[in-house]
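To get this note's numbering, take the position in the sequence shown, counting from 1, and add 294.
One structure below.
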Amino acid sequence: MAAAHRTTKVVIIGSGPAGLTAAIYAGRARLQPMVIQGNNPGGQLMGTTLVENWPGIKSIMGPKLMMDMQEQALACGAEFVSGMVTEIDTTLRPFVLTTNHGITIAADTVIVATGAVPKRLNVPGEQEYWGKGVTSCAVCDGAFYKDKKVIIVGGGDTAMEDASFMTKFTNEITIVHILDKLTASAAMQERVVGNSNIKIIYSSTVSEIKGNGDHVTGAIITNKLTGKEETITTDAVFVAIGYSPKTDIFKGKLETDDFGYLKVTNHTHTSVPGIFSAGDVADYRYRQAVTSAGSGCMAALDAERYLAHKKK
């Protein structure tokens, strides 16, 4: 069967908070946006439980929030296409994208909202208890662990920031770092080292996460030098070993930094005119659902202005 060919003014790659907000704004602008959902429709919030920092909503389940945003985007005129983009030709005008389902799309503008994924420990129990005590966002989930025991895995700036943030809620914090010294900047280390509420275990890894079927209850810590294992009680494991932006298909086509994040100018503009960025694919600093949504709004507005300028 011949591959389907579609055309659109705006194609949005990704369906997390950034992509869905871009779809809402582009839809309201009568641009008939086409959203390529990706292999993880809804993004990272689909793997969370309660979201309590979304403005105007005291508490909502992450998947429910994403479904509500998708329904709103549909009501605004967005179209959703299942699958993921496997190829993009940035030299043609309009741009040409191909999905893994054999659909070819010609688009006047592109909004890249593919996001970033937290690096995983890849140990037993991690996947089972992801969102049930295992998380990558202390800012998102820290308040759930008031006066609880928590483990933070990592030794860089993110881990130090998470540990410092968690001191607002608990005085039982353990940092587990694979090296014999922290890799965080001196300023970030100063927030943590010497704090009596924070214990640091060096040259060690979390080798297994334990739970009761509903939630995390403990973790096995393995010393990399001696091989000795220790089981400690904990209510949460915060994985703070970095993120990987989903930019593989754009390598050699859009400029990225040394860590793979899209380089942007003027807030959302990538290195190719007509292609815009939204959300965590370019944001290595904030990584919040609400900031992703905000950048999705900006990208849609910039795409609309780009199209209007081309007509003149």
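Glycine is no exception: its CB is placed at the ideal position from the N, C-alpha and C atoms.
Taking residue i as part of the alpha helix (DSSP H), name the residues at either end of that continuous run.
| i | result |
| --- | --- |
| V584 | 583-605 |
| A401 | Segment 398-406 is the beta strand (DSSP E) holding A401; no alpha helix (DSSP H) there. |
| P357 | 356-369 |
| A481 | 480-484 |
Helix, strand or coil for residue i per DSSP?
| i | result |
| --- | --- |
| F389 | strand |
| F459 | helix |
| Y319 | helix |
| E420 | coil |
| G512 | strand |
| F553 | coil |
| M378 | coil |
| V575 | helix |
| D441 | coil |
| G332 | strand |
| T527 | strand |
| P274 | Nothing about residue 274 can be reported from this structure: the residues present for the chain run from 295 to 606 only. |
| T564 | coil |
| T452 | helix |
| D474 | coil |
| L339 | helix |
| I569 | strand |
| I306 | strand |
| I446 | strand |
| M295 | Residue placement at M295 cannot be trusted, given a pLDDT of 36 that sits under 50; what the coordinates show is reported in the next sentence. Coil at M295, not helix or strand. |
What is the residue span of the beta strand (DSSP E) that residue i lies within?
| i | result |
| --- | --- |
| T505 | Reading off the sequence, residue 505 comes out as Gly, not Thr. Run containing G505: 498-505, per the beta strand (DSSP E) assignment. |
| V433 | From DSSP, V433 is part of no beta strand (DSSP E) but of the alpha helix (DSSP H) over 432-435. |
| A410 | 410-412 |
| E466 | 466-470 |
| I494 | 492-495 |
| P539 | 537-539 |
Buried or exposed, going by whether 16 or more other CB atoms sit within 10 Å of the CB of residue i?
| i | result |
| --- | --- |
| S586 | buried |
| A534 | buried |
| M295 | Because the pLDDT of M295 is 36, which lies under 50, any placement of that residue in the model is unreliable, and the number read from its coordinates should be weighed accordingly. By the neighbour-count rule (16 or more Cβ atoms within 10 Å), M295 is not buried but exposed. |
| E455 | buried |
| G356 | buried |
| I307 | buried |
| L359 | buried |
| A602 | exposed |
| P567 | exposed |
| K604 | exposed |
| D551 | exposed |
| T525 | exposed |
| L519 | exposed |
| D435 | buried |
| G321 | buried |
| D383 | exposed |
| A316 | buried |
| S430 | buried |
| G546 | exposed |
| T608 | Residue 608 cannot be examined here, being either before or after the span of the chain that is shown, 295 to 606. |
| S479 | exposed |
| A401 | buried |
Please state if the CB of residue j and the CB of residue i are separated by a distance shorter than 8 angstroms.
| i | j | result |
| --- | --- | --- |
| F570 | T385 | no |
| T516 | I399 | no |
| A453 | I446 | yes |
| G450 | Q338 | no |
| Q326 | S309 | no |
| A312 | A372 | no |
| K442 | T464 | yes |
| I472 | T511 | no |
| V411 | Y537 | yes |
| T477 | G425 | no |
| F553 | A432 | no |
| V304 | A597 | yes |
| K557 | E549 | yes |
| A594 | Y319 | yes |
| S329 | F374 | This sequence places Val at residue 329; Ser is not what is there. For V329 and F374, yes; Cβs fall inside 8 angstroms. |
**OP:** Report yes or no: do three or more beta-carbon pairs, one from the region 573-588 and one from the region 380-395, lie closer than 8 angstroms?
**Re:** Pairwise C-beta distances place the region 573-588 out of contact with the region 380-395, as fewer than three of them are shorter than 8 angstroms.
**OP:** Specify whether the region 483-500 and the region 456-469 touch according to this definition: at least 3 beta carbon pairs, one from each stretch, less than 8 angstroms apart.
**Re:** Contact between the region 483-500 and the region 456-469 is established, with three or more Cβ pairs separated by less than 8 angstroms.
Original post:
Counting Cβ pairs closer than 8 angstroms, one from the region 414-425 and one from the region 493-513, do we hit at least three?
Top reply: yes
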